[in-house]
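Visitor:
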Amino acid sequence: MASTRIMEHAFALFALGVCIYGYVGIHQTISMDIGFGGQYQFVTMWLLTLTMASFGLKLIGLPCTTLINVATAMETGLSCFYWWMVLSKPHLVPARDSPFYIPMAIDLALHLWPSVLLHIDLVLFRRGAASTHVQLASIAAMYALAAAYCAWSGYTHQRNEYWAYPLFADLSTAGRLGFLMACTTGCTLVYLADVLVVPKLLSKPKNE
600 MASTRIMEHA FALFALGVCI YGYVGIHQTI SMDIGFGGQY QFVTMWLLTL
650 TMASFGLKLI GLPCTTLINV ATAMETGLSC FYWWMVLSKP HLVPARDSPF
700 YIPMAIDLAL HLWPSVLLHI DLVLFRRGAA STHVQLASIA AMYALAAAYC
750 AWSGYTHQRN EYWAYPLFAD LSTAGRLGFL MACTTGCTLV YLADVLVVPK
800 LLSKPKNE
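For the sequence shown, the residue numbers in this note's numbering are 600 to 807.
#1: Our contact map puts G634 next to N759 with C-beta atoms below 8 Å; I'd like the distance itself, whole angstroms only.
#2: Enumerate in chain order the residues of its own chain whose CB-to-CB distance from W768 is below 6 Å, with the five nearest sequence positions on each side excluded.
#3: Would you call the stretch 675-686 in contact with the stretch 713-720, where contact means no fewer than 3 C-beta pairs closer than 8 Å?
#4: Counting C-beta neighbours from all protein chains within 10 Å, is the total for D706 16 or more, i.e. buried, or is it exposed?
#5: Whole angstroms is fine: what's the gap from T628's alpha carbon to S802's?
#6: Considering only the beta carbon of each residue, do F680 and E607 sit closer than 7 Å?
#7: From G777, F610 and L666, pick the residue whose C-alpha is nearest to that of Y748; which is it?
#8: Verify whether the separation of the beta carbon atoms of T665 and A736 is less than 7 Å.
#9: Alpha carbon to alpha carbon, how far is M780 from E807? Give it in angstroms, no decimals.
#10: Whose C-beta lies closer than 7 Å to the C-beta of L770 among residues of the same chain, with five residues either side of it excluded?
#11: Give me the Cβ distance between A614 and D720, rounded to the nearest whole Å; I'm assuming they're in contact under 8 Å.
#12: Starting from I619, trace the alpha helix (DSSP H) in both directions and tell me its first and last residue.
#13: How far does the alpha helix (DSSP H) with V722 in it reach, from first residue to last?
#14: Is there contact between the stretch 640-650 and the stretch 614-625, where contact requires at least three CB pairs shorter than 8 Å?
#15: In the structure shown, what three-state DSSP assignment does K657 receive?
#16: Within 10 angstroms of the Cβ of S687, are there 16 or more other Cβ atoms? Answer buried if so, exposed if not.
#17: Compare the beta carbon distance of T783 and A743 with 7 Å and say whether it is the shorter of the two.
#18: What three-state label does DSSP hand R695 in the structure shown?
Written as structure tokens, this is what we have:
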């Protein structure tokens with residue numbers, strides 16, 4: 600229906616605006632030279648870019664199922680891991696006087712709202728398509744992205760002589776890859792739940 604299409608595009612525009620706010624905000628907040636790769640040393644920016652591309656393509660009528668599947672699952676995995684770290688290890692959160700301090704509004708736009716908005720989009724506008732079948736291409740793309748980020752993080756470390764994420768300093772290359780693969784497995788479980796469980800929970804019961 601035309602009204603549904605209008606709502607879908609309006610929501611995609613709103614979601615894209617939220618993501619752009621986070622993208623621009625983090626560059627303005629941490630505007631110093633942070634080395635080779637800039638903000639793209641961080642996987643957060645990789646996933647935020649995927650999310651912006653997903654909503655941008657929906658706006659122009661060229662939705663990419665694999666892209667938005669990957670963004671939805673991996674943004675959710677990132678959000679869960681990030682906020683678990685914030686709550687369980689608050690000493691890792693930069694203080695207000697730190698040059699790396701991120702205001703809460705921008706922090707939410709980077710580490711929470713993308714996953715929330717993608718799942719709202721899933722429930723409202725992608726439920727029918729998501730319930731058809733598991734897309735192996737989406738799962739393969741997540742693992743490929745994780746492997747690419749592992750290689751990229753190692754390269755930026757060579758150029759900058761520091762790790763974007765301090766926990767990587769205690770891991771070997773194999774350990775770093777294993778950690779990212781384990782995280783991606785968690786994201787894969789999110790994707791499978793989105794495809795196989797969520798549609799069933801939201802489906803209307805048939806009249807007897």
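Idealized CB from N, CA, C, for every residue including glycine.
Guide: Reading it off the structure:
#1: Working through the sequence shown from its first residue, we reach residue 634 at position 35. Working through the sequence shown from its first residue, we reach residue 759 at position 160. Between N759 and G634 the Cβ distance is about 4 Å, and since that is below 8 Å, they are a contact.
#2: Position 169 of the sequence shown, counting from 1, holds the residue named residue 768. Reading the sequence as shown, one finds Ala at residue 768 and not Trp. Excluding its 5 nearest sequence neighbours in each direction, A768 has C-beta neighbours in its own chain below 6 Å: W762, listed in chain order.
#3: These segments touch.
#4: Indexing the sequence shown from 1 puts residue 706 at position 107. So D706 ends up on the buried side.
#5: Taking the sequence shown and counting its residues from 1, one reaches residue 628 at position 29. Taking the sequence shown and counting its residues from 1, one reaches residue 802 at position 203. Rounded to the nearest angstrom, the two C-alpha atoms are 43 Å apart.
#6: In the sequence shown, counting from the first residue as 1, residue 680 sits at position 81. In the sequence shown, counting from the first residue as 1, residue 607 sits at position 8. No, these two residues do not count as a Cβ contact at 7 Å.
#7: On the sequence shown, position 149 is the one that residue 748 refers to. Per the C-alpha coordinates, the member of G777, F610 and L666 positioned closest to Y748 is G777.
#8: One-based indexing of the sequence shown puts residue 665 at position 66. One-based indexing of the sequence shown puts residue 736 at position 137. In this structure, the beta-carbon distance from T665 to A736 falls below 7 Å.
#9: For the purposes of this step, residue 807 is taken as residue 208 along the sequence shown, with counting starting at 1. For the purposes of this step, residue 780 is taken as residue 181 along the sequence shown, with counting starting at 1. Only weak support exists for where E807 lies, its pLDDT of 44 falling under 50; the value from the coordinates is given anyway. Taking the straight line joining both Cα atoms gives about 45 Å.
#10: Taking the first residue of the sequence shown as position 1, residue 770 is located at position 171. For L770, same chain residues with a beta-carbon under 7 Å away, outside a window of 5 residues either side, are F778 in chain order.
#11: By 1-based counting over the sequence shown, the position of residue 614 is 15. By 1-based counting over the sequence shown, the position of residue 720 is 121. That belief holds up - the Cβ atoms of A614 and D720 are roughly 7 Å apart, short of 8 Å.
#12: Reading the sequence shown from its first residue, position 20 is the one you call residue 619. Taken as a continuous stretch (DSSP letters only), the alpha helix (DSSP H) holding I619 covers A601 to T628.
#13: By 1-based counting over the sequence shown, the position of residue 722 is 123. It spans W712 to F724 - the alpha helix (DSSP H) in which V722 sits, taken as one unbroken run.
#14: Taking 8 Å as the limit for Cβ pairs, the verdict is that the stretch 614-625 does touch the stretch 640-650.
#15: In the sequence shown, the residue the question calls residue 657 occupies position 58. Annotated three-state conformation of K657 is helix, per DSSP.
#16: On the sequence shown, residue 687 is found 88 positions in, with the first residue counted as 1. Its Cβ having fewer than 16 others within 10 Å, S687 is exposed.
#17: What you label residue 783 is simply residue 184 of the sequence shown in a count that begins at 1. What you label residue 743 is simply residue 144 of the sequence shown in a count that begins at 1. No, the pair does not count as a contact, with Cβ atoms beyond the cut-off.
#18: As a first step, residue 695 must be located in the sequence shown, where it is residue number 96. R695: coil per DSSP, three-state reduction.
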